[in-house]
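Q:
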Amino acid sequence: MTTNDSGTDGQSGGHEHSELLTRNLVKVEELSKRLLAAMSDKRQVPKALQGPGQDLFQKTAAAYISEIMSNPAKIFERQVGYWARTMQHYVEAQQTLASGKIAAPVDTGPSDRRFSNPMWDSHPYFNFLKQQYLFNADAMSEAVASLDGLSDGDRRRIGYFTQQIADMFSPTNFLGTNPEALAKAVETEGQSLVDGLENLVRDIEASDGELLVSLADKKAFRVGENIATAEGSVVYRNRLFELIQYAPTTEKVRKTPLLIFPPWINKFYILDLKPANSLIRWIVDQGYTLFVVSWVNPDPSFAETGLGDYIEEGYLTAIDQVKQITGQDQTNVVGYCIAGTTLSLTLALMEKRGDTSVKSATFFTTLTDFSDQGEVGVFLNDDFVDGLEAEVTRKGILESFYMSRTFSYLRSNDLIYQPAIRSYMLGEAPPAFDLLFWNGDATNLPAKMAMEYLRGLCQRNEFASGGFDLLGETLHLSEVKVPICAIACETDHIAAWPSSYAGMRQMSSRSKTFILSQSGHIAGIVNPPSKKKYGHYTNSAWPEDHAAWRADAEFTPGSWWPRWETWLRKRSGAQVTALIPGADGREILAAAPGTYVTSGTTG
């Protein structure tokens with residue numbers, strides 16, 4: 109290659125880069141117009157659902173002022189500690205630069221995965237931003253955590269919302285202070301920013317002007333085609349659910365069938381994602397006749413559908429259909445999350461009625477005692493619930509939008525800010541991740557059912573205290589008497605395991621087993637043995653204190669699925685010839701995963 113050739117290539121490259129930059133600027137202008145148009149159609153979210161009531165801030169301000177007046181030394185000590193940290197780091201940074209080193213001072217602080225890019229530790233400017241941010245965030249957290257004059261509930265709430273503010277203002281969340289995003293913008297001649305703006309506009313257009321970050325590629329999966337593909341048939345349907353009977357994969361099966369009630373906050377196929385992590389496939393492969401309920405995604409016509417309807421038309425009807433199809437007098441049942449809560453209500457009602465159709469019950473991440481509401485409790489005060497009640501009264505449903513947003517804010521760094529950074533600042537496409545795809549496939553809740561659950565169970569904790577009035581009976585947690593197995597998850601942000609343990613402990617079952625899985629609400633349950641990923645804890649004792657249970661528990665590496673299957677097998681009878689869907693002569697209404705699962709689906 110000649111010198112002339114080299115120069116020509118260089119000029120050509122520069123010309124191409126300038127053209128790319130010009131095209132990107134034109135795209136930015138076009139996308140900005142689309143963004144403004146999309147945001148002009150933004151849904152009107154009631155003020156009561158945008159943040160806690162003013163009374164919480166008034167209480168906090170009053171407590172802080174009272175502390176200033178009564179104990180100024182405490183405030184002064186905290187302020188001195190804060191300024192000492194910030195000034196020490198400032199001086200260290202100045203001294204490092206003054207010595208001629210273009211480097212950051214030694215960082216001895218705790219690791220934070222938001223700042224995993226090496227530039228946060230090595231570059232003096234970005235390290236200074238990081239350290240000063242962390243000092244400020246810690247100071248905010250300490251200020252509210254140590255306030256006297258607040259109830260435990262109010263302190264927990266103000267601590268949560270203070271942390272939300274701190275997380276929002278992380279320097280990683282802004283282009284001008286994110287080294288990774290700035291570097292990629294330079295490397296790509298602004299293409300990453302154009303791609304990010306396209307992602308932002310797409311998400312806002314898809315969410316009626318609201319910003320809901322796409323967590324997964326919505327085009328990567330098709331329900332029934334490459335996700336939720338276990339072989340089965342819809343063998344019964346009413347207005348609330350479709351009953352799916354899965355095809356056997358073994359010649360012999362256990363005599364007692366198994367019926368799973370998934371939560372109706374999302375779709376049932378969390379239990380049948382891909383073949384490698386499908387609990388449904390695994391259960392069938394162990395030799396069980398398996399039925400799964402697929403709930404309808406309710407529209408405003410379901411406004412007056414309550415928990416009683418879910419029990420009568422859902423649980424009891426499904427149990428009766430399984431008995432008819434299999435010819436068995438009893439079935440084993442599973443309830444997951446809110447479906448487990450409602451299953452416990454159903455079992456208490458069946459005890460009242462003398463109905464012995466359930467042989468044993470398994471509960472996945474289920475709350476029945478809401479005396480300690482855990483992290484989600486910050487949204488269960490009247491300021492939010494009153495706002496939700498007004499919204500569902502007006503619309504007839506609690507829209508999936510509110511549920512998705514609430515659960516996302518329980519893990520805002522993982523489910524909001526980090527995905528937003530990857531999508532909007534780095535211009536990356538959402539990943540083809542089955543679990544996150546399912547997470548975005550949310551459903552609505554009927555107005556009546558939602559308020560019965562929020563008021564009677566969550567707020568007033570009636571089922572575990574004085575009794576919950578339903579279907580002409582007063583139901584109590586202690587009336588659950590069938591053998592139970594409960595699986596809770598160690599880092600569950602929705603159904604905290606200590607609360608799950610407290611509820612199971614109050615059941616009157618003579619045979620009770622409690623398993624604590626590692627990980628969270630979903631990953632702790634969808635934990636196939638082949639992955640050899642999360643272990644679990646067991647303890648046959650039931651001390652009153654959950655911490656005592658945990659301290660004496662035995663840890664077992666790997667999935668809890670085989671341990672549960674051993675428990676279930678003992679309650680499932682002898683082996684019999686496998687039953688093929690439709691063998692009883694009834695009509696097959698559709699192939700699995702059925703029709704209700706695609707109502708409002710993203711795939």
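If you're matching positions, the sequence shown starts at 109 in this note's numbering and goes up one per residue.
For glycine and all other residues, C-beta sits at the position ideal for the given N, C-alpha and C.
Alpha carbon to alpha carbon, how far is Arg389 from Phe277?
A: Going from the Cα of Arg389 to the Cα of Phe277 covers about 44 angstroms.
Q: Measuring alpha carbon to alpha carbon, tell me which of Ala700, Glu137 and Asn244 ends up nearest Leu301.
A: Taking only the C-alpha atoms, the option nearest Leu301 is Glu137.
Q: Quick one, are the C-beta atoms of Pro636 and Asn385 less than 7 angstroms apart?
A: Yes; because the gap between Cβ atoms is below 7 angstroms, this pair is in contact.
Q: How close, in whole Å, do the beta carbons of Leu585 and Gly564 come, if the pair is a contact with beta carbons under 8 angstroms?
A: Between Gly564 and Leu585 the Cβ distance is about 13 angstroms, and since that is not below 8 angstroms, they are no contact.
Q: Would you call the CB atoms of Val134 and Lys375 closer than 7 angstroms?
A: No.
Q: Look at the Cβ atom of Glu288, then the Cβ atom of Asn235, and state whether they are nearer than 7 angstroms.
A: Contact: no.
Q: Measuring only between beta-carbons, confirm whether Pro670 sits less than 7 angstroms from chain B.
A: Checking the listed chains, one finds no chain B in this structure; it contains a single protein chain.
Q: Please report how far the alpha carbon of Val466 lies from the alpha carbon of Leu455, in whole angstroms.
A: Between Val466 and Leu455, the C-alpha separation is close to 8 angstroms.
Q: Report all residues from its chain with a CB closer than 8 angstroms to the CB of Leu534; omit the five preceding and five following residues, and keep chain order.
A: Taken in chain order, the residues that qualify are Glu288, Ala289, Lys292, Ser300 and Gly304.
Q: Kindly list the residues whose CB is nearer than 7 angstroms to the CB of Pro591, restricted to its own chain and excluding five residues on each side of it in sequence; keep chain order.
A: Counting only Cβ-Cβ distances below 7 angstroms, and skipping sequence neighbours, we find Ser468, Ser617, Ser619 and Arg679.
Q: Say whether the stretch 365-380 touches the stretch 433-451, bearing in mind that this needs 3 or more beta-carbon pairs closer than 8 angstroms, one atom from each stretch.
A: Enough Cβ pairs lie closer than 8 angstroms, so yes.
Q: Put Tyr268 into one of helix, strand or coil per three-state DSSP.
A: Of the three classes helix, strand and coil, the one that applies to Tyr268 here is helix, per DSSP.
Q: In the stretch 286-325, which residue ranges form an unbroken alpha helix (DSSP H) of at least 4 residues, counting only runs that do not cross its ends?
A: As far as the stretch 286-325 is concerned, its whole alpha helix (DSSP H) runs of at least 4 residues are 287-295 and 299-314.
Q: Tell whether a beta-carbon distance below 7 angstroms holds between Val430 and Pro356.
A: Going by C-beta atoms, Val430 is not nearer than 7 angstroms to Pro356.
Q: Whose CA, out of Tyr532, Glu318 and Thr470, lies closest to the CA of Phe282?
A: The shortest Cα separation from Phe282 among Tyr532, Glu318 and Thr470 belongs to Tyr532.
Q: What three-state label does DSSP hand Arg563 in the structure shown?
A: Three-state result, Arg563: helix.
Q: Reducing DSSP to helix, strand and coil, say where Ser625 ends up.
A: In the structure shown, Ser625 sits in a strand (DSSP, three-state: E or B).
Q: Please list the terminal residues of the continuous beta strand (DSSP E) segment that includes Ile419.
A: No beta strand (DSSP E) contains Ile419, which DSSP labels as neither H nor E.
Q: Short of 7 angstroms in beta carbon distance, which residues of its chain neighbour Arg231, apart from the five on each side in sequence? Order them along the chain.
A: This sequence places His at residue 231; Arg is not what is there. Same-chain partners within the cutoff: Ala212 and Pro287.
Q: Less than 7 angstroms between the C-beta atoms of Phe472 and Ile352, yes or no?
A: No, the Cβ-Cβ distance between Phe472 and Ile352 is not below 7 angstroms.
Q: What do you reckon, are the CB atoms on Thr476 and Thr449 nearer than 7 angstroms?
A: Yes, Cβ-Cβ distance for Thr476 and Thr449 is below 7 angstroms.
Q: What is the C-beta distance between Asn405 and Thr551, in whole angstroms, given that I count them as a contact (C-beta under 8 angstroms)?
A: Correct: roughly 4 angstroms between the Cβ atoms.
Q: Does Pro554 pass the burial test, meaning 16 or more other C-beta atoms within 10 Å, or should it be called exposed?
A: Looking at its Cβ environment, which holds 16 or more other Cβ atoms inside 10 Å, Pro554 is buried.
Q: Does the structure place the stretch 484-500 close enough to the stretch 641-652 that three or more beta carbon pairs sit under 8 angstroms?
A: No, they do not touch.
Q: The alpha helix (DSSP H) with Glu350 in it runs from where to where?
A: No alpha helix (DSSP H) holds Glu350; the beta strand (DSSP E) holding it covers Phe349 to Tyr354.
Q: Considering Trp403, what are the terminal residues of the beta strand (DSSP E) in which it resides?
A: Residues Leu398 to Trp403.
Q: Contact between the stretch 343-351 and the stretch 408-427 is defined here as three or more beta-carbon pairs at a separation below 8 angstroms; is this criterion met?
A: Yes, since at least three Cβ pairs between the stretch 343-351 and the stretch 408-427 fall closer than 8 angstroms, the two stretches touch.
Q: If you reduce the DSSP assignment to three classes, tell me which class His644 lands in.
A: Strand.
Q: State the DSSP-derived secondary structure class of Ser617, mapped to helix, strand or coil.
A: The answer is coil: DSSP assigns Ser617 none of H, G, I, E or B.
Q: Just mark Glu695 as buried or exposed, buried being the case when its beta carbon has 16 or more other beta carbons within 10 Å.
A: That one is exposed.
Q: With DSSP as the reference, identify every bridge partner of Cys593, one or two as the case may be.
A: In the DSSP output, where bridge partners are listed per residue, Cys593 has Thr470 and Thr621.
Q: Check whether the stretch 310-321 and the stretch 141-159 touch, using three or more Cβ-Cβ pairs below 8 angstroms as the test.
A: Judged by Cβ distances under 8 angstroms, the stretch 310-321 makes contact with the stretch 141-159, as three or more pairs qualify.
Q: Excluding sequence positions up to five away, which residues of its chain have a Cβ less than 8 angstroms from the Cβ of Phe576?
A: So the qualifying residues of the chain are Leu453, Gly564, Leu565, Glu570, Thr582, Leu583 and His584.
Q: Roughly how many whole angstroms lie between the Cα atoms of Gln683 and Ala691?
A: Their Cα atoms are separated by approximately 18 angstroms.
Q: Is the number of C-beta pairs between the stretch 500-512 and the stretch 476-485 that are closer than 8 angstroms three or more?
A: The stretch 500-512 is not in contact with the stretch 476-485.
Q: Could you please give the first and the last residue of the uninterrupted alpha helix (DSSP H) stretch that includes Glu581?
A: First-last for Glu581: Glu581 to Leu583, but that is the beta strand (DSSP E), not the alpha helix (DSSP H).
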